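Asks: Numbering-wise, numbering that gives the first Met the number 0 puts 52 at position 53 of the sequence shown, and it's gapless, one number per residue.
In this text, a Cβ means the ideal position worked out from N, Cα and C, and glycines have one as well.
Note that the structure is predicted; figures quoted are calculated from it, not measured.
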Amino acid sequence: MCRGYTEACCSYICLEEQNKDCALWCKNSIQCQRSKNTHHEKSALGDFSLSSTRFPHVHVDVVGLLSALRGMNNLLTSVDIFTRWSEAFPIPDQSADTIARAHFC
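(1) Bridge partners of threonine 76, per DSSP?
(2) With a threshold of 16 other CB atoms inside 10 Å of the CB of aspartate 101, please say whether the residue is buried or exposed.
(3) Quick check: what's the CA-CA separation for cysteine 25 versus phenylalanine 88?
(4) Does DSSP put leucine 23 in a helix, in a strand, or in coil?
(5) For valine 59, which residues of its own chain have a beta-carbon under 6 Å away from its beta-carbon, when the five flanking residues on both sides are left out?
(6) Sorted by chain position, which residues of the same chain lie with C-beta nearer than 8 Å to valine 57's C-beta, five sequence neighbours on each side aside?
Okay, here's the thing in structure tokens:
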């Protein structure tokens, strides 16, 4: 949020010293201070057992609201952990039925 304010403010100012003052003012503004996240939690890494077969564990993700082509504006991606084989399927929406049909049929 501060970066946007700083860029907007500094785009009108010509002198380098004034840019620094503007950036400092934006960084210390009340709105910026309220939006800061001061508590960052680190999550544990996932434990994946190594398997000797393909496709026992597959990561699936939906990338959404892309520019529509033939009514398909989402992309279903899946990656196998063992082989790192990846697939991408264009889908029209993000409903569970659509995802199941695209992935398993």
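Replies: In brief:
(1) Looking at the DSSP assignment, threonine 76 forms a beta bridge with Asp60 and Ala87.
(2) For clarity, residue 101 is alanine in the given sequence; the question names aspartate instead. Alanine 101 counts as buried, since at least 16 other C-beta atoms from the protein chains shown sit within 10 angstroms of its C-beta.
(3) 43 Å
(4) helix
(5) Ser77
(6) Ser77, Val78, Asp79 and Ile80
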